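Engineer: Sharing a structure here in structure tokens format.
In full-length UniProt numbering, the protein residues as written are 1 to 241.
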């Protein structure tokens with residue numbers, strides 16, 4: 001598993017979008033027992049915080065201690081620095097295992113061995129993510145598309161293609177459950193949009209190589225009027241043993 005976000009932990013926690021409650025409720029339909037859940041690749045707890053009200057205990061793991069330090073506190077959540085592929089949990093202990101916006105960084109074979117070892121026979125495994133942002137102002141949306149596909153074309157890590165393919169091409173050796181389609185929809189200021197774009201790993205790579213920020217080069221405040229509606233298509237796959 002790669003760790004690309006430790007250096008931006010606070011910005012990541014503040015700027016990344018949160019999944020809608022409808023996604024949680026859909027997953028819970030397939031999790032009759034809710035004693036113990038594992039949120040793997042939890043980062044700064046964006047998805048962990050949504051699970052917290054529904055489980056007796058949750059363990060949230062990530063390779064980045066910096067990320068976990070910015071996660072919100074809950075009495076029933078234990079944050080632990082662990083690699084996804086080398087967990088230390090007992091066999092068949094989890095009712096739910098989730099990975100949100102992180103599966104593409106994992107060694108699939110090694111991680112899935114851990115999922116199959118630790119998931120209960122009636123437990124649910126769910127992979128979530130979100131695709132490229134869309135905004136409701138045409139000129140601004142076109143600028144974001146140009147940033148993503150042209151300016152940053154050679155700066156994305158190879159694993160990014162799994163998100164572009166909406167996680168349909170990741171290995172998924174589970175009995176898959178058909179899920180509805182969901183979107184994240186938010187009202188953002190221009191500053192919130194800029195903060196989010198600055199969390200992209202490719203922006204970090206570009207900045208490190210060229211010593212200038214590609215977001216500031218392409219997106220200008222004059223393109224922006226009032227609050228903008230932003231949306232992210234949600235990527236969601238779920239299955240059982």
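Where is the CB? At the ideal position from N, CA and C, for every residue including glycine.
Since the structure is predicted, the reported quantities are computational estimates derived from the model, not experimental observations.
#1: How would you call residue 113, buried or exposed, if buried means at least 16 neighbouring beta carbons within 10 angstroms?
#2: Do you know whose CA, among 74, 83, 48, 54, lies nearest residue 65's CA?
#3: For residue 79, which beta-bridge partners are listed by DSSP?
#4: By how many angstroms is the C-alpha of residue 202 removed from the C-alpha of residue 117?
#5: Would you mind stating whether residue 219 and residue 184 have Cβ atoms separated by less than 9 angstroms?
#6: Can you tell me the Cβ-Cβ gap for residue 59 and residue 80, rounded? I've got them flagged as a contact below 8 angstroms.
#7: Name the DSSP beta bridge partners of residue 184, please?
#8: Below 8 angstroms on the Cβ atoms is my contact criterion, and I expect residue 129 with residue 95 to pass it. Report the Cβ-Cβ distance as a whole number of Å.
#9: So, helix, strand or coil for residue 37, using DSSP?
#10: Identify which residue in 73, 192, 30 has its Cα closest to the Cα of residue 97.
#11: Who are the Cβ neighbours of residue 6 in its own chain at under 7 angstroms, not counting the five residues just before and after it?
#12: Helix, strand or coil: how does DSSP classify residue 142 here?
#13: Starting from residue 95, trace the beta strand (DSSP E) in both directions and tell me its first and last residue.
#14: Starting from residue 203, follow its DSSP beta bridges and name the residues at the other end.
#15: Sorted by chain position, which residues of the same chain lie with C-beta nearer than 7 angstroms to residue 190's C-beta, five sequence neighbours on each side aside?
#16: Would you mind reading off the limits of the beta strand (DSSP E) that contains residue 176?
#17: Please classify residue 133: is it buried, with 16 or more other beta-carbons within 10 angstroms of its beta-carbon, or exposed?
Structural biologist: On the basis of the supplied data:
#1: exposed
#2: 83
#3: 60
#4: 34 angstroms
#5: no
#6: Sure, about 6 angstroms apart at Cβ, within 8 angstroms.
#7: 232
#8: With 8 angstroms as the limit, residue 129 and residue 95 do not qualify as a contact, their Cβ atoms being about 22 angstroms apart.
#9: strand
#10: 30
#11: For residue 6, the predicted model reports a pLDDT of 46, less than 50, meaning its position is unreliable and no value from the coordinates is stated.
#12: helix
#13: Boundaries of the beta strand (DSSP E) around residue 95: 94-100.
#14: Per DSSP, residue 203 has no beta bridge partner at all.
#15: Around residue 190: 221, 224.
#16: 175-177
#17: buried
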